[in-house]
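With the sequence shown counted from 1, adding 837 to any position gets you this note's numbering. Beta carbons are placed, not taken as given, at the ideal position from N, Cα and C, and that holds for glycine. Below: one structure, written as structure tokens.
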Amino acid sequence: MKLLIAPVALAAVLALTGCSATNTADASAGKTSAPTKTASSTPTPTPTPDPVVIPDLTGNWKQNNSASDDGWMTATIDGTTITANFVTDNGDTTSLFWVGTFTPPTDDKSPYTWTSTRDTAATDSALLASTDPTKDFIYENGEISFPVSIAGSTATVRLSKQ
Numbered sequence: 838m839k840l841l842i843a844p845v846a847l848a849a850v851l852a853l854t855g856c857s858a859t860n861t862a863d864a865s866a867g868k869t870s871a872p873t874k875t876a877s878s879t880p881t882p883t884p885t886p887d888p889v890v891i892p893d894l895t896g897n898w899k900q901n902n903s904a905s906d907d908g909w910m911t912a913t914i915d916g917t918t919i920t921a922n923f924v925t926d927n928g929d930t931t932s933l934f935w936v937g938t939f940t941p942p943t944d945d946k947s948p949y950t951w952t953s954t955r956d957t958a959a960t961d962s963a964l965l966a967s968t969d970p971t972k973d974f975i976y977e978n979g980e981i982s983f984p985v986s987i988a989g990s991t992a993t994v995r996l997s998k999q
């Protein structure tokens, strides 16, 4: 009977020690580990940042805050030049106000401000042209604005793209 008990005891010991460890590294170190849970979850997508949209200011602009029905200002931005005109008589008369440098924006920060340097060759002979050496222009919320002074009175002109 002693011969029968020894193999049964050995089989029981091997069965119990074989089930107590989850892998050979844990079994050889005498460690046991808790059963792991396998969760099936959908991965959370990483939000993509909004693309940077640099405003394109080139083109034709028209005053949106004129106090007159038959007179307004316009501006044209072409390349590195901005030209602003007084328009009167329901569009029949155009008078030069400003020709100067334009520096396009390089990012999407708002407001965007640039200082334009007057083209004296283009404006010196124009009766209603500004004689200021520079003029500050501001682009914000889809509008370009700048000051216009005539006979000691200054107004802010606001232009919308056409």
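Which same chain residues, not among the five before or five after N901, have their C-beta less than 6 Å away from its C-beta?
R995, S997
Cβ-Cβ separation, S947 to E977 (assumed contact under 8 Å), whole Å:
5 Å
Report yes if the C-beta distance between S932 and L964 is below 9 Å; otherwise report no.
yes
Does A904 come out as helix, strand or coil in the three-state DSSP assignment?
coil
Which listed residue (T968, Y949, D945, T950) has its alpha carbon closest to that of D956
T968
Tell me whether the beta-carbon of T911 lies closer than 9 Å to the beta-carbon of N922.
yes
Of the choices Y949, T925, G916, whose alpha-carbon is the least far from that of F939?
G916
Check this for me: beta carbons of V936 and T925, under 9 Å apart or not?
no
Measure the alpha-carbon distance for P984 versus F934 and round it to whole angstroms.
12 Å
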